[in-house]
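For the sequence shown, the numbering used here puts the final residue at 424, and the numbers step up evenly by one.
Taking it in order: structure first as structure tokens, then the write-up.
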Amino acid sequence: MRLHVDQRHERVLELVRERGSLRVAELAEELGMSAVTLRRDCPEGHTPAPTAEGLVVGMVVPTTEYYYADVVRGARQTVEAAGARLTIGLSRYLPDEDAAQARRLLSTGADGLLLTPSWERGCPEQGEGLWTVEQETPVVLVERSAPLGHPAARLDRVRSDHAHGAAEAVAHLARLGHRAIALAVQDSPTAPRLRVGYRAAVEALGLTPVSPSPLGEAPSQSEADRFERTLEYLCQGVASGNVTAAIVHSDADAIVLIPRLQARGVRVPEDLAVIAYDDEVASLADLPLTAVAPDKHAVGAAAARLLLSRLGVDDPGAAGPGAGARRHLDILPTLRVRVSCGAAAAL
78 MRLHVDQRHE RVLELVRERG SLRVAELAEE LGMSAVTLRR DCPEGHTPAP
128 TAEGLVVGMV VPTTEYYYAD VVRGARQTVE AAGARLTIGL SRYLPDEDAA
178 QARRLLSTGA DGLLLTPSWE RGCPEQGEGL WTVEQETPVV LVERSAPLGH
228 PAARLDRVRS DHAHGAAEAV AHLARLGHRA IALAVQDSPT APRLRVGYRA
278 AVEALGLTPV SPSPLGEAPS QSEADRFERT LEYLCQGVAS GNVTAAIVHS
328 DADAIVLIPR LQARGVRVPE DLAVIAYDDE VASLADLPLT AVAPDKHAVG
378 AAAARLLLSR LGVDDPGAAG PGAGARRHLD ILPTLRVRVS CGAAAAL
């Protein structure tokens, strides 16, 4: 039988008097309710001090490979260090699978959700993603954001500032003397923010505008097509003298492209300075790649801390518990300078 909130208060006091002290998780189990509901319903002093013990954090990500491996690792370490448990749901970018995985995690006891919806452009289209704001538990978006006016824009979120990362890459190449810098990005949720940062930096620094990659207007239908068209775009830019540097997303793409450029007579970095976006394998390339490195571990850790604070667990690294105003946190990427941008030669 479901107890009214006042009855729960009385039952909590009765159990504490009988047993002296109880953890929140034990009380919640005894009353047949979640730990987060118990904290919300019971007034201060009726429950033990906030603790993450017994809490379950659900996390929905597209994959645990490549980019998201470090995001999940950062969240898991933070959640487990607080005494809670992380459970994972994978969407594999399948339609409607995000919501299905979120419902599954909640049905198996998750007290809050870390969500990375499979939004193609990193943010929802009109009418998309409304399910994220319909949850009764706290939700934090991870590496995703919603446009102003969309209901999901009111959610807490933590993301890498990819626009800042692209702008830093442009600025670094400009300091090396490059005035005509191309942007070659694959179609992904990261691409729109890269384009925003790139365009802003080119304009702010007064650099020469470069014709955009044709992939922006007509995305490739296969990896082979993407590499071929990107190769042609860069080779033509270098041959015409209109391009002397390029930012390539991702570092894995850059590792494939550079040998093909060299086979076509384009020397890197002498004819074309290259900065890769992302730093998963950039340092392992035959020609070590200068790369912009999003701090994915920090994103996952910050998102987990924010969610735990919403669940009533004090964050030792913050000023206090997370009740109150929502937060939008942007984590700045780091530029790691190696050989491919020509910085060593310039120095």
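Note that CB positions come from ideal geometry on N, CA and C, so glycine has one too.
These numbers were taken from a predicted model, which means no experiment stands behind them.
Query, Result
"Span separating the alpha-carbon of residue 399 from that of residue 302", "Unreliable positioning characterises residue 399 in this predicted model, as indicated by a pLDDT of 47, which lies under 50. A coordinate reading is not provided."
"Continuous alpha helix (DSSP H) stretch holding residue 75: start and end", "The structure shown does not extend to residue 75, since the chain spans only 78 to 424, so no value can be given for it."
"Where residue 75 falls, given that 16 or more other Cβ within 10 Å makes a residue buried", "Outside the shown range of the chain, which is 78 to 424, sits residue 75, and nothing can be said about it."
"Whole-angstrom distance between residue 383 and residue 107, CA atom to CA atom", "28 angstroms"
"CA-to-CA distance, residue 243 to residue 126, given in whole angstroms", "Note that residue 126 has pLDDT 42, beneath the 50 cutoff, so the model's placement of it is unreliable and no number is given."
"Residue 182 (DSSP reduced to helix, strand or coil)", "helix"
"Segment contact flag, the segment 361 to 368 with the segment 330 to 344, C-beta cutoff 8 angstroms, min 3 pairs", "yes"
"Residue 157 versus residue 163 - alpha carbon distance", "7 angstroms"
"Unbroken stretches of the alpha helix (DSSP H), 4 residues or longer, contained in the segment 163 to 240", "174 to 184"
"Nearest-angstrom Cα separation, counted from residue 109 out to residue 78", "Low confidence applies to residue 78: its pLDDT is 47, below 50, so where it sits in the model is not reliable, and the reading given next is rough at best. About 9 angstroms."
"Secondary structure of residue 377, DSSP reduced to three states", "helix"
"Alpha-carbon spacing of residue 223 relative to residue 195, whole angstroms", "12 angstroms"
"Residue 248 and residue 278 closer than 7 angstroms at C-beta", "yes"
"C-beta contact flag for residue 374 and residue 354 at 7 angstroms", "no"
"DSSP three-state assignment for residue 354, whether helix, strand or coil", "strand"
"When 234, 193 and 188 are compared against residue 132, the one with the closest alpha-carbon", "188"
"Straight-line Cα distance separating residue 270 from residue 186", "35 angstroms"
"CA nearest to the CA of residue 340, picked from 143, 297, 420 and 308", "308"
"Where the beta strand (DSSP E) containing residue 367 begins and where it ends", "367 to 370"
"Residue 246 and residue 352 closer than 7 angstroms at C-beta", "yes"
"Reduced DSSP secondary structure (H/G/I, E/B, other) of residue 387", "helix"
"Three-state secondary structure assigned by DSSP to residue 249", "helix"
"Neighbour-count burial assignment, residue 285, 16 or more Cβ in a 10 Å radius", "exposed"
"Contacts around residue 414, its chain only, beta-carbon distance under 6 angstroms, and the 5 residues preceding and following it disregarded", "367 and 420"
"Nearest-angstrom Cα separation, counted from residue 416 out to residue 291", "28 angstroms"
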